[in-house]
Amino acid sequence: MSSKPAPSHIDWLILLPIAALLLFSVAFVYSASSSFADVKFGSSEQLFWNHAVRVLIGLGLMIGLSKVDYHIWDRFSTTIVLIAIGFLVLVLLMGTEIKGASRWVHLGPINFQPSELAKFAIVLHVSAILAANKVFVRDWRKSLLPVLGWTLPICGLIALQPNLSTASVVFLIVMTILFLADTDSKHLGMVIGVGAAVGIAYAFTAEYRVRRLLAFFGGDNADEAVTYQLNQALIAFGNGGITGVGPGQSRQRDWFLPESYGDFIFSIVGEEYGFLGVVLLIGAFTLIMWRGFAVARKAPDPFGRLLAGGITTTLAIYAFVNAGVTCGILPTTGLPMPFISYGGSSVFFSAIAVGVLLNISSQAGVYRAGRKLSSTSTTD
Amino acid sequence: MENDVPPQQPAYDAIRWKAGVLILFFAGAFLVVVGRLFWVQVVEAGHYRDLARKQYESKVELRAQRGKILDRKDRDVATMIRTTSFAADPTLIQQPALIAELLAGADGKAAAWYLDRIQSARNRFTWLARGISTALYPMLDTIRDRGLIRLTEPKRHFVYGPVAAQVVGTTDVDNNGLSGIELGYDSLLRGKSGFVVMQRDGRGRLRPSVNPEREAPRDGANIKLTLDIDMQRVAEQELDRGIRESGATSGTVVAIDPATGDVLAMASWPTFDPNRLDRATSDAIRIRAITDQYEPGSTMKAVTAAALLEERKIAPNDAVDGGNGTAVIFGAPIRDDHPVGQTTFSGAMEQSSNVVFAKSVSALDDRVYYKYVRDFGFGIPSGIDLPGEVRGRLKRPNEFDATTKTYMAFGYQLSATALQMVNAYAAIANGGVMMEPRIVQSVIAADGSILRENKPMRIRRVISEQTAKLLTDMLVGVVERGTGSEARIPGVRIAGKTGTAQQLVDGAYGTSSYTASFVGFYPAEAPRVAMIVMLDRPTTSIYGGSTAAPIFRRIVQKTMTMLALDDNTRTRIAASADADSVFVPDVRGLDPLTADTVLQRLGLRLADEHPVDVLIVKQRPEPGIRVERSTAVTTEVQTSRKPGDTTTVATPANRPNVVGMPLRRAITVIHASGYDVRIQGTGKVISQEWRGNVCILSAR
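Protein sequences, first through last, are from chains A and B. Residues 583 to 962 in the working numbering are what the first sequence spells out, letter by letter. Residues 8 to 707 in the working numbering are what the second sequence spells out, letter by letter.
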């Protein structure tokens with residue numbers, strides 16, 4: 583928009599690992615879903631083709647959006663967040679119930695999870711608010727209050743689905759953005775404390791959440807299905823060992839591990855590609871995370887910095903929580919692994935977010951287009 | 008400061024170090040995940056591999072094939088067949104009507120029954136029909152319905168149905184032996200099951216693995232019996248016929264080879280089809296020849312004679328006094344059905360004189376007599392390889408009272424099984440040497456090697472060959488000239504003895520329940536078969552000579568070609584079987600329909616037509632006379648009516664003659680003729696006297 587830094591190209595160290603993850607995810611999903619799809623749809627390739635198409639669209643969106651100046655999002659952030667809130671209300675009124683929770687909305691042929699849209703929208707909008715009020719960021723009435731004014735209703739709507747884990751993660755992401763934005767640490771601490779208390783209190787209002795937590799902490803009334811799923815995930819990792827049982831050789835997908843192609847796909851990767859495979863995958867996320875925050879450091883303006891930080895935080899938290907859940911160091915939640923899990927909403931909104939991040943990177947001069955290039959690229 | 012943008016705007020420079028904090032935080036978090044994965048995938052991998060293997064692998068039992076049961080000529084008697092069992096999953100079934108219709112055709116229940124069962128089923132696995140041979144009903148294989156569950160199961164098949172059912176035995180639905188050889192040799196027949204490791208998925212579906220761990224099942228061994236299934240079948244047919252003709256409640260036939268102890272036939276009646284075990288009564292499953300003991304009666308006289316002859320207390324031609332059928336010995340009144348006066352010891356055997364045997368046995372010391380009875384196998388299990396054998400009852404000398412030996416001499420105060428009795432006669436046939444009866448010849452492993460061979464086993468010499476020879480001649484005389492004449496086959500020397508024993512009913516010997524038997528061996532000069540026929544409570548005649556002996560004869564006639572006899576003997580037996588002459592049966596006291604059936608079976612016929620509700624009171628020719636086949640028997644009948652009915656005046660013309668009839672039948676005939684009866688004595692009617700409408704019968 584305004585003071586444009588010297589033009590540079592996108593951060594390839596973000597694009598390449600993500601493109602690789604997306605492409606590999608096609609193979610992962612194919613293997614992990616084949617048994618389920620074979621029985622459910624009569625074709626072991628059904629979910630594979632769905633996913634492959636979505637990955638291609640996602641890659642297209644990502645590359646396309648990397649060319650769109652990220653400042654455009656500043657202008658539309660309020661609209662987007664209002665649309666997201668609209669869908670969240672809609673899903674509560676007329677959503678499709680799956681496993682006791684309404685998380686899906688149907689728009690003609692397209693079904694999607696409004697919480698995924700909301701997650702992106704709030705990161706966008708909070709960054710916009712804080713960037714606009716950068717001078718008054720330490721004044722809680724001008725920063726904290728409007729931010730919470732948008733965040734709390736969204737988290738509340740998501741929690742009502744009920745989807746406490748996504749609501750908590752969204753809250754955490756916003757808190758991280760506030761942290762990056764230099765909010766008064768006393769205020770921030772208070773908000774986080776109150777939020778945690780509310781979250782914990784809410785956790786105990788539903789039996790299934792308590793049983794999931796008990797399952798994690800080894801209680802007697804543990805949810806057997808959750809304990810079973812976690813045990814099966816661990817068996818997948820353990821049976822994979824160091825080098826894995828080989829691509830396409832998973833046995834856990836044969837109806838042992840529920841959600842093997844969705845939230846628990848990480849353990850199928852661990853089974854087929856072993857410890858070496860999951861270390862590479864975690865390595866890819868670490869690389870993305872590091873480069874993402876690097877972009878946040880060097881972005882040309884506060885909006886870019888906060889937005890890059892928020893997007894990177896989102897990806898990192900999702901990757902960490904999902905991996906932590908599948909290997910049993912975090913209580914079971916229903917969060918997908920970005921770029922890897924089967925699921926259109928997750929793929930699309932992650933791709934959109936990364937597209938935005940890539941555009942910021944191209945303006946951050948992370949790869950300053952070199953001294954050689956600077957003379958040739960003045961025409962922008 | 009309060010309204011305008013400050014000159015040095017922070018521009019979130021703090022983000023530089025804060026982003027660094029986050030990088031470190033997330034890097035740390037990822038490191039924790041990697042550490043945890045290192046623990047699970049590297050350190051603890053073995054533990055999880057074991058868990059994985061445990062849930063992937065499923066040991067599937069490979070059932071061993073149950074061994075076969077064969078007869079002495081290696082014919083399959085009990086084998087395994089593949090059958091299919093059908094169950095319904097009511098949630099998936101699409102063509103219930105078709106399935107019901109086809110199952111009804113194969114399994115035998117009405118189609119509506121299956122339809123109702125399918126439609127009222129709550130369970131997703133509901134049995135419809137079990138153990139159906141789809142080889143017989145290939146239509147069942149054509150049903151394409153996801154809701155019809157098929158399970159192939161091996162099932163025991165008894166090739167000859169009811170033939171030898173009791174001896175061969177039965178199995179339950181899971182092919183475990185329940186009775187007979189199936190039970191006694193269950194562990195050998197069963198074999199040992201193996202297993203194969205299959206791969207399973209989370210839903211429990213199995214699929215074979217590439218190089219599965221496997222242990223092959225070891226099929227069960229085959230059991231070869233000494234039974235000759237042809238002879239067994241004839242014995243059963245003739246026993247069945249004899250029981251129907253005699254009105255007995257049950258019976259048994261045992262035939263053994265005296266030289267080896269091989270059981271050639273062992274028939275029991277009532278019987279059953281082991282393929283339809285659900286229809287069998289427990290009464291029919293018993294092997295009566297070894298599980299039922301009875302007081303043998305006169306057949307015991309051969310054993311008494313053996314002891315007397317061996318101890319040289321008497322010789323066959325010694326003169327004895329039959330006391331005209333009555334005597335009191337040690338205070339015990341003895342009576343004979345066939346009274347004799349002065350005769351020889353052989354003659355007393357031929358006429359089965361209780362008096363003579365009761366008198367003669369007193370020459371033997373209690374212990375000596377006991378030793379012989381015991382040596383002949385009484386009171387001891389025969390040792391046959393069948394479950395359920397009883398030992399019978401034999402008093403020891405110190406348990407004898409004054410009359411014990413006297414009564415034992417003609418077959419009371421002890422009890423024996425049919426097998427024990429026939430084995431005693433087999434010892435006589437075998438020149439005095441008793442063999443252990445055997446039913447299993449050999450046990451053959453599935454690969455054909457012989458696991459066990461039961462060699463003929465000599466138990467002991469009981470009497471000398473000389474005594475056996477003398478005794479055989481006496482027993483031949485019984486058939487040639489005496490009470491066993493119904494067993495006679497012209498040209499073949501058959502040695503045998505009849506037995507008619509009163510049964511103890513409620514602690515007293517009554518006149519209504521008898522055990523009729525005939526036991527003997529043939530050909531007398533070189534015996535090949537010793538056989539007993541035993542009938543429990545015959546009603547048309549109580550005598551072993553008239554009920555059991557004909558069964559014996561017919562079995563001999565029909566099985567002679569199966570035996571390794573010399574050609575001459577075989578020809579003579581064959582000639583007798585085809586002979587044109589038969590003995591006229593006693594049809595008095597029967598209704599015309601029954602009488603006609605009896606006569607037709609012998610090749611005779613009823614000359615007159617009678618209404619149904621009458622009884623035959625007179626017949627010509629007289630019973631027991633040999634006539635040509637197809638002779639018509641003329642009869643006179645009386646309308647059955649109550650005694651004392653005065654609507655018809657009894658005239659001497661329609662007074663039936665019942666002399667010579669068994670008492671019970673005589674009473675029936677006289678009642679049928681409308682007269683009252685007074686009786687004196689028991690047994691056969693020896694005279695009758697009329698006083699108005701009352702007939703006074705004297706019987707002995």
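Cβ atoms here follow ideal geometry from the backbone N, Cα and C, with glycine treated the same way. Since we're looking at a predicted model, the values are computed, not measured.
Can you find a C-beta in chain A that's less than 9 angstroms from the C-beta of residue i?
| i | result |
| --- | --- |
| B:D96 | no |
| B:V49 | yes |
| B:V217 | no |
| B:F165 | no |
| B:K25 | yes |
| B:A34 | yes |
| B:R131 | no |
| B:S237 | According to the sequence shown, residue 237 of chain B is Asp rather than Ser. Not closer than 9 angstroms to any Cβ of chain A, the Cβ of B:D237 fails to qualify, so no. |
| B:Y192 | no |
| B:R56 | yes |
| B:G115 | no |
| B:G395 | no |
Is it right to say residue i is buried, meaning 16 or more other beta carbons lie within 10 angstroms of its own, or is it exposed?
| i | result |
| --- | --- |
| B:L234 | buried |
| A:K768 | exposed |
| A:T868 | buried |
| B:Q473 | exposed |
| B:Y682 | buried |
| A:H633 | buried |
| A:F718 | exposed |
| B:M356 | buried |
| B:V512 | exposed |
By how many angstroms is the C-alpha of residue j removed from the C-alpha of residue i?
| i | j | result |
| --- | --- | --- |
| B:Q708 | B:H164 | Shown here, chain B extends from 8 to 707; a query on residue 708 of chain B therefore has no answer. |
| B:N430 | B:V486 | 19 angstroms |
| A:F623 | A:S616 | 10 angstroms |
| A:T895 | A:L754 | 9 angstroms |
| A:Q831 | B:A26 | 40 angstroms |
| B:R381 | B:H617 | 55 angstroms |
| B:R212 | B:G395 | 46 angstroms |
| A:K954 | A:V650 | Low confidence applies to A:K954: its pLDDT is 40, below 50, so where it sits in the model is not reliable, and the reading given next is rough at best. Computed Cα separation, rounded: 25 angstroms. |
| B:T689 | B:A494 | 25 angstroms |
What does DSSP give as the partner residue(s) for residue i in the beta ladder?
| i | result |
| --- | --- |
| B:Q687 | B:S705 |
| A:G696 | One detail in the question is off: residue 696 of chain A reads as Pro in this sequence, not Gly. A:P696 is not bridged to any residue. |
| B:E643 | B:K625 |
| B:L69 | B:G201 |
| B:K504 | B:V526 |
| B:R214 | B:Q206 |
| B:Y516 | B:L511 |
| B:M538 | B:A262 and B:G527 |
| A:H769 | A:H769 is not bridged to any residue. |
Using beta carbons (cut-off 9 angstroms, strictly below), is residue i in contact with chain B?
| i | result |
| --- | --- |
| A:F838 | yes |
| A:T915 | no |
| A:C737 | no |
| A:S616 | no |
| A:W872 | yes |
| A:A763 | yes |
| A:T809 | no |
| A:I911 | yes |
Practice item. Output the residue ranges of the beta strand (DSSP E) runs that lie fully inside the stretch 444-487 of chain B and measure 3 residues or longer, sorted by chain position. Key: With a minimum length of 3 residues, the continuous beta strand (DSSP E) runs that stay inside the stretch 444-487 of chain B are 447-451, 457-460 and 465-468.
Point to revise | beta strand (DSSP E) runs contained entirely in the stretch 334-381 of chain B, provided each spans 3 or more residues | key: List check, beta strand (DSSP E) in window: 339-342 and 349-351.
Point to revise | Whole alpha helix (DSSP H) elements within the stretch 614-653 of chain A, 4-residue minimum | key: 628-648, all fully within the stretch 614-653 of chain A.
**Study point:** Runs of alpha helix (DSSP H) wholly within the stretch 30-109 of chain B (minimum 4 residues, chain order)
**Key:** The stretch 30-109 of chain B contains these whole alpha helix (DSSP H) runs: 52-63.
Practice item. Counting only runs of 3+ residues fully inside the stretch 107-178 of chain B, write out the beta strand (DSSP E) ranges in chain order. Key: Taken in chain order, the complete beta strand (DSSP E) segments of 3 or more residues contained in the stretch 107-178 of chain B are 133-139 and 155-165.
Check your understanding: If you scan the stretch 788-846 of chain A from start to end, which runs of the alpha helix (DSSP H) of 4 or more residues do you find wholly inside it?
Key -> If only complete runs of 4 or more residues are kept, the stretch 788-846 of chain A shows the alpha helix (DSSP H) at 789-799 and 806-822, in order along the chain.
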